[in-house]
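**Student:**
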Amino acid sequence: MSITYDLDASGSPTNSYRVEFYANEKRSIFGYGPGETFLGAVSVSPGNNQTATIAVSGDYAGKALSATATAIDPTTTSGFGSTSEFSQNISIGSHVDFDADGVSDSIENAGPNNGDANNDSYQDSTQPTVTSFKNSAGIYSTLVIDGCSDSNSVSSLDVNSINRKDNGYAYPFGLSAFTLNCSRGDTADVQIFIHSSAVAKNFIPRKFNTSTSEYSEVLGANITQATVGDSTALKLSYSVTDGGMYDDDGTENGIIVDPIGLATEQEATTPAGQLANTGIATIITTFLAGGIIAIVIYTYLDYRSHKKPLVIADKETGTQASKGYTYWHHLRIVSIPLAKYRLSIAIEKKQNSKANISA
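According to my numbering, the residues represented by the sequence shown are 141 to 499, in order.
Spelled out as structure tokens, the structure:
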């Protein structure tokens, strides 16, 4: 396993440093240390691209690796000078998943651009912050993170497997589900490449919250077209903070959980027995509204027709009988009883017609 650390310690008079490696059963919420099991140490000289190699026995796959650097100083009683802080924890992989991101090396190596799907000149299978995997549409997606030490449990989530549907949206590439390991409260910059020639402007970045079972748009996210090697891709870029609004557990615990995907708008659907927000529903609503308006106009004109003789009589006799004849009085005394009578006549005729046919 090849891991890059940036370890700072004060100068050594011999220009030599002891790098100690440790394994941790669980990751610290601070993202560093604590150094539970000593794995071994090696002396190195400072400089660019220096390497420190140790061989260990036992199975440490899935555990967290960290390291320290100590200045070698023979002028001191112990023979050592100052020691650096613990490095960030890095998950230890296995022979089938070298970078411990939850996706096998064989799948990552078969990805776009000969296994370097983000075109950074390194194989994705060797980088704990870069993961290539097949999404629910059967094409490759690539997760790239900056600001956290590694990602694991990376996978594609088919929205059809979720009980809660995002009404009005479709996810042609599914959701990218992942967990990021970082320091408490850290912010990660996330890039997701979807290796498709689809047009960026047709998509909306949305996420599914596994704690609340709610969908929401990811504010501040950008979707652009990208070129990776000799192919094109959709590129989603956004930031997520440990314990923030897009972290599903909502807790500053050094772990970020964030299923996210590219959505397209579609016609909304509703459970059986309910009207959907479709053209048919609009037509029915318009028809009902038009019928109500027609009834109001007809009854009001009928009211005016009945009241007119009363107004004329009031002028001739000097009485005020017409004032008590209101529209609501007309509905109660004339319109509603007349409507009931006409309805009963229609029902009676229909029943008589059926009786004649039966005879």
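We treat Cβ as the ideally placed atom computed from N, Cα and C, and that holds for glycine. Quick caveat: nothing in here was measured; it's all calculated off a predicted structure.
On the criterion of 16 or more Cβ atoms from any shown chain inside 10 Å, does Asn275 qualify as buried, or is it exposed?
**Tutor:** buried
**Student:** Once DSSP output is grouped into helix, strand and coil, what is the label at Gly431?
**Tutor:** helix
**Student:** Reducing DSSP to helix, strand and coil, say where Gly255 ends up.
**Tutor:** helix
**Student:** So Asp290 is in the alpha helix (DSSP H); what residue range does that whole segment cover?
**Tutor:** Counting along the chain, Asp290 falls outside any alpha helix (DSSP H), though it belongs to the beta strand (DSSP E) covering Asp290 to Leu297.
**Student:** With 16 other CB atoms within 10 Å as the buried threshold, where does Asn492 fall?
**Tutor:** exposed
**Student:** Please work out which residues of its chain come closer than 8 Å, Cβ to Cβ, to Thr193, disregarding the five sequence neighbours upstream and downstream, and give them in chain order.
**Tutor:** Val182
**Student:** Report the CB separation of Asn393 from Arg324 in whole angstroms; it is logged as a contact under 8 Å.
**Tutor:** Contact between Asn393 and Arg324 holds: their C-beta atoms lie close to 6 Å from each other, under 8 Å.
**Student:** Run through DSSP, which three-state label would Glu112 get?
**Tutor:** Since the displayed the chain opens at 141 and closes at 499, residue 112 lies outside it and no answer follows.
**Student:** By Cβ distance, which residues of its chain are closer than 8 Å to Tyr309, with the 5 residues on each side in sequence left out?
**Tutor:** Shown here for Tyr309: same chain residues with a beta carbon closer than 8 Å to its own, the five before and five after excluded, namely Ile344, Arg346, Tyr355, Ala403, Thr404, Glu405 and Gln406 in chain order.
**Student:** Can you tell me whether DSSP reads Tyr311 as helix, strand or coil?
**Tutor:** coil
**Student:** Could you check the C-alpha separation between Thr457 and Arg482 for me, to the nearest Å?
**Tutor:** 36 Å
**Student:** Quickly, what does DSSP pair Pro345 with across the bridge? List them, please.
**Tutor:** DSSP output for Pro345 lists Leu402 as bridge partner(s).
**Student:** Please tell me whether Tyr157 and Ala240 are closer than 8 Å, where the distance is taken between their beta carbons.
**Tutor:** Contact: no.
**Student:** Find out if the Cβ-Cβ distance for the pair Tyr467, Tyr438 is shorter than 8 Å.
**Tutor:** no
**Student:** Between the beta-carbon of Val358 and the beta-carbon of Phe333, is there less than 8 Å?
**Tutor:** no
**Student:** Can we say the segment 193-206 touches the segment 242-253, given the rule of at least three CB pairs closer than 8 Å?
**Tutor:** no
**Student:** Per DSSP, which one or two residues make a beta bridge with Gly278?
**Tutor:** DSSP output for Gly278 lists no bridge partner at all.
**Student:** Are the CB atoms of Ala317 and Pro399 nearer to each other than 8 Å?
**Tutor:** yes
**Student:** Span of the alpha helix (DSSP H) holding Asp245?
**Tutor:** Asp245 to Asn249
**Student:** Helix, strand or coil: which one does DSSP assign to Ile212?
**Tutor:** strand
**Student:** To the nearest whole angstrom, what separates the beta carbons of Thr271 and Ser291, a pair I think is in contact under 8 Å?
**Tutor:** 6 Å
**Student:** Is the distance from the Cβ of Leu179 to the Cβ of Ala204 below 8 Å?
**Tutor:** no
**Student:** Enumerate in chain order the residues of its own chain whose CB-to-CB distance from Phe220 is below 8 Å, with the five nearest sequence positions on each side excluded.
**Tutor:** Arg158, Thr210, Ala211, Ile212 and Asp213
**Student:** Where Ala486 and Ala479 are concerned, what is the direct C-alpha to C-alpha distance, given to the nearest angstrom?
**Tutor:** 11 Å
**Student:** For Gln365, which residues in the same chain have their Cβ closer than 6 Å to its Cβ, ignoring the five residues on either side in sequence?
**Tutor:** Excluding sequence positions up to five before and after Gln365, its CB lies within less than 6 Å of the CB of Ala340, all in the same chain and listed in chain order.
**Student:** May I ask you to report which of helix, strand or coil DSSP gives Gln414?
**Tutor:** Low confidence applies here, because Gln414 scores a pLDDT of 46, under 50, leaving its location unreliable and the question unanswered by this model.
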